[in-house]
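As they're listed, the protein sequences go chains P and H.
Heads up: the first sequence is residues 228 to 465, going by the working numbering.
Heads up: the second sequence is residues 2 to 455, going by the working numbering.
Notes for the one structure printed next.
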Amino acid sequence: MTSTTVINTEGLSKSYGKTQALRHLNLEIMRGEFFGFLGPNGAGKTTTIKILSGQMKPFGGKAEVLGVDVTHAIEVKRVIGIVPETVFLPSFLTVEEYLGFVCSIRKVSESRIDFWLDFTELGEERGTLCKDLSLGMKQKVSFSQAFIHEPRLVFLDEPFADVDPLMQNKMKGFLKTYVGGGGTIFLSTHILEIAEKLCSRVAIIDRGEIARMGVISDIVGEGHDLEEVFLTLVKKNG
Amino acid sequence: MGKHVLILELEEEWRMLTSYFSSRTLFFAFPLVLLLVGFSMALLTPLVKEAFDMRELTIALHLFTCMYGMFVGGFGFFAEEVATRWFREAKLLIHMHAILPVSFRRIFVFFYIKDILYYLLLTIYPLLIGALLSFTIPPAGFLRMVLSFTFSFLIGISLSFFLSSLYVRSRLLCACALILLLFSFSLLSFEDFFPTAYFFKGEPIYLLYSLVTFLLFSAASLAMAEPVERATKEQFRKSGLFSAIDPLLAKEILDVWRSGTFKIVLTSYLFPLLFLSGMLYFTERLLNFHLDISLVFYAGFVGYLGTLVYSWLNNIDPPSSMVTLPITDSDIIKRKIKLFMGTSLSLSFVYLLFLAFLTDGIPLLPLSCLTMGATTFYVASVTAYLCGLYPNTLLFEGTILARYLASILPVLISLSLLSFMKAYTAIFFISFIVLLLSTLIYRRLDGKYERMNL
């Protein structure tokens, strides 16, 4: 582990009853990386994100995020941003109120709200209750709240699922700039094209274990694409 | 297809109901308790006969059953809820009309039948069977009783279904229908209520009238059973509360106001207080003497309505909406308790003030306020400590319920007895101790919930 290590896990494990969701996961992610975490449904992607972002306690092993032990959930959440897989927003707050609420809790200025309303093209919906937003709009609000305090590390769990292609493109551009500026992204997705275009390094997880990890160009090799590698690895394990 | 859907809906309801309990065995404790209630009520019949006219009591019980049906029969509201929520929370089979080639009405018919079966089998019939087991009711009259109470319930549930269906389409039409119905009822005596008439006269024609009434209301309601979409996209100005007070508390206040939960909170107070008044009236009539109830008794009682209000406050918005933020369970619980205290104390104070004027109890008002404040805080702290943000489900857990009752009942009973004995000094000291105890429990919330994930 070096001074530029942002995420470090050693033997991280988690089980749900008799089902082993994560088996001795070892990861080291550096500052400024766009890290893709890929895997089929039920592979352990969301469980990993939940543990690393303080939403769930691990069963075994150790993990640190920005130097904070992940079992200290509040301290972890204070320094990171999270776009969860299932977006839950407070039903009876307006978009603007919710972003203001996030700023108050995170103790940052509300001056960034207008930027995010503008970026997500939600200016006209600033007074709409979150419960009345479409799924895509909710996803945009969720994206905004994750970055509004300008954290050094953001966990994204399928952040593009409900967003239209135009906004997806805009969000991808923002993420590239963010990483270029020294931020770190941990992206969980099963959309391989997105990972291939955005990520500098990926890990493929299957049945709670890392099946392959490395720089995209090393993993893919000549004349192949990420999908082929992914399918081969997952089928082999199956 | 119909039979299959009905069976699936019955299974779905069964799994949902049993999931509220820690074990399926415990689930059966619920109808068993009702059976025992029915049994005890029937055993009390000879005593009741001395204080009440049995004919009046029978009519009242039928009307009560009808009202129970009305209370649980607001199915019309589903039409609105299904339309606005199906895509977000497609949890039940009833929501599947949106993605499968089946009409909402068709799937809803079975939903309606399923609910009726569950209410009858789990609530009405256990009470009636309990009454039968007491041997005070001859088996010959039992069938008549079952039929008359079943139809009282069915008329109630279908009437409520009908009115709620009208309500979601046109409030004016609903009001007109309600006025028309009230006018029709005013022309009749309670004995003319078809199920009651059948019970007294035993003539099958009244059963037929009951059946037709039920079918007419049900058919009319089902004819209207199509999802109603309402334009709910209102715009709000940014609330000034966020800059004025703690943001978590501001959020809780806006949740209560904008969700309309404040109406439910008011009702949570009104109904039990009406029930208390009715119960005391019944006791006075039954025991045939006047109970001199002091203001302090009511003060203690209103505090206990807190569990209901605290439950409602936890029912508005799931805490998962704050899962990404550096907030603990205890942060939210404490804000809910603050809001609860503010709401409960003001409502209870108005109620006590009103009662103080009615009962000439002004001199007891300061002590009553202390007792009310202490019990309110105590109930909130105990409920929050035992159940956290999930009182609606955790209070069904056997061990939690037992701990809750063991904490609450001794205080409630001792304060009630002391109020009857007019031992005001003792009440003052007990209230003071309860207040201290509540503060201790409140402080322990951090220890229990500080590190808990939302």
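All residues carry an ideal CB built from backbone N, CA and C; glycine is no exception.
Distance check for residue j and residue i, CA to CA, integer angstroms please.
i	j	result
S222 of chain H	R170 of chain H	11 Å
G350 of chain P	M257 of chain P	35 Å
T394 of chain H	F150 of chain H	30 Å
P327 of chain H	I309 of chain P	11 Å
F382 of chain P	V351 of chain H	50 Å
R86 of chain H	L94 of chain H	With a pLDDT of 47 at R86 of chain H, under the threshold of 50, the modelled position of that residue is not reliable, and no figure is offered here.
G269 of chain P	T246 of chain P	11 Å
F355 of chain H	L255 of chain H	28 Å
L239 of chain P	V233 of chain P	16 Å
K365 of chain P	L344 of chain P	12 Å
L216 of chain H	G343 of chain H	47 Å
L129 of chain H	D332 of chain H	47 Å
Y405 of chain P	E451 of chain H	33 Å
E227 of chain H	L249 of chain P	46 Å
A357 of chain H	Y270 of chain H	17 Å
K372 of chain H	R336 of chain H	Note that residue 372 of chain H is Thr in the sequence shown, not Lys. In a straight line, the C-alpha of T372 of chain H is about 22 Å away from that of R336 of chain H.
S417 of chain H	G301 of chain H	7 Å
G294 of chain P	D318 of chain H	33 Å
V335 of chain P	H376 of chain P	6 Å
P285 of chain P	A178 of chain H	59 Å
Closest by CA to residue i, which one among the options?
i	options	result
F345 of chain H	H:G374, H:G142, H:S190, H:L212	It should be noted that the sequence gives Ser, not Phe, for residue 345 of chain H. Of H:G374, H:G142, H:S190, H:L212, the residue nearest in Cα terms is H:G374.
I199 of chain P	P:G400, P:T246, P:E323	Absent from the model: residue 199 of chain P. The displayed extent of chain P is 228 to 465, so no value can be given.
I325 of chain H	P:G259, P:T459, P:L239, P:D384	Sequence inspection shows Thr at residue 325 of chain H; the Ile mentioned does not correspond to that position. Closest by alpha carbon: P:D384.
R107 of chain H	H:A198, H:S369, H:A220	H:A220
E10 of chain H	H:L37, H:L118, H:M55, H:G39	H:L118
K241 of chain P	P:L460, P:K277, P:E348, P:V295	P:K277
G448 of chain H	H:S347, H:Y386, H:Y305	H:Y386
DSSP state of residue i, grouped into three classes?
i	result
A270 of chain P	coil
A491 of chain P	Lying before the first or after the last residue shown, residue 491 of chain P is absent from chain P, which here runs from 228 to 465.
F186 of chain H	helix
M373 of chain H	helix
M17 of chain H	helix
M42 of chain H	helix
Y305 of chain H	coil
L293 of chain P	coil
Q236 of chain H	strand
C330 of chain P	helix
N235 of chain P	strand
H251 of chain P	strand
M394 of chain P	helix
S347 of chain H	helix
V186 of chain P	There is simply no residue 186 of chain P to check, as chain P begins at 228 and stops at 465 in what is shown.
F191 of chain H	helix
M257 of chain P	strand
L354 of chain H	helix
L414 of chain P	strand
F163 of chain H	helix
Determine whether the Cβ of residue i lies closer than 8 Å to any Cβ atom of chain A.
i	result
K304 of chain P	Protein chains P and H are contained in the structure displayed, whereas chain A is not.
State buried or exposed for residue i, treating a residue as buried only when at least 16 other CB atoms are found within 10 Å of its CB.
i	result
F88 of chain H	Interpretation of F88 of chain H is limited by its pLDDT of 39, a score under 50 that renders its predicted location unreliable; no figure is taken from the coordinates.
L353 of chain H	buried
E57 of chain H	exposed
G271 of chain P	buried
T400 of chain H	exposed
Q372 of chain P	buried
K358 of chain P	buried
C330 of chain P	buried
E455 of chain P	exposed
A141 of chain H	exposed
W313 of chain H	buried
F456 of chain H	As displayed, chain H neither begins before 2 nor continues past 455, which places residue 456 of chain H out of reach and without an answer.
N315 of chain H	buried
Y210 of chain H	buried
* Scan the region 310–325 of chain P for residues whose Cβ lies nearer than 7 Å to a Cβ of chain H and list them as they occur along the chain. => Listed by position, the residues of the region 310–325 of chain P near chain H (Cβ gap below 7 Å) are P311, F315, L316, P317, S318, F319, L320, T321, E323, E324.
* To do: Output, in sequence order along the chain, the residues in the region 220–247 of chain H whose CB is closer than 8 Å to any CB in chain P.
  => Residues passing the 8 Å Cβ filter: T233, K234, E235, Q236, F237, R238, K239, S240, F243.
* Give, in chain order, every residue of the region 249–265 of chain H whose Cβ lies closer than 9 Å to some Cβ of chain P. => Listed in sequence order: L249, A251, K252, L255, D256, V257, W258, R259, S260.
* Against chain P: residues of the region 386–411 of chain H by CB proximity under 7 Å -> Residues: none.
* Asked: Quick one, which residues of the region 190–218 of chain H are near chain P if we go by CB-CB under 9 Å, in chain order?
  -> none
* At a Cβ cut of 8 Å, what residues of the region 293–326 of chain H count as close to chain P, listed as they run along the chain? -> Using a CB distance below 8 Å, the part of the region 293–326 of chain H facing chain P consists of I317, D318, P319, S321, S322, M323, V324, T325, L326, ordered along the chain.
* Asked: Just by C-beta distance, which residues in the region 363–381 of chain P are closer than 9 Å to chain H?
  -> Taking 9 Å as the Cβ-Cβ cut-off against chain H, the residues of the region 363–381 of chain P that qualify are S369, Q372, A373.
* Residues within the region 326–343 of chain H neighbouring chain P, beta-carbon criterion of under 8 Å -> L326, P327, I328, T329
* **Chain-ordered residues of the region 235–259 of chain P with a beta carbon less than 9 Å from chain H** => Listed in sequence order: no entries.
* **Residues of the region 328–339 of chain P whose Cβ lies closer than 8 Å to any Cβ of chain H, in chain order** => F328, V329, S331, I332, R333
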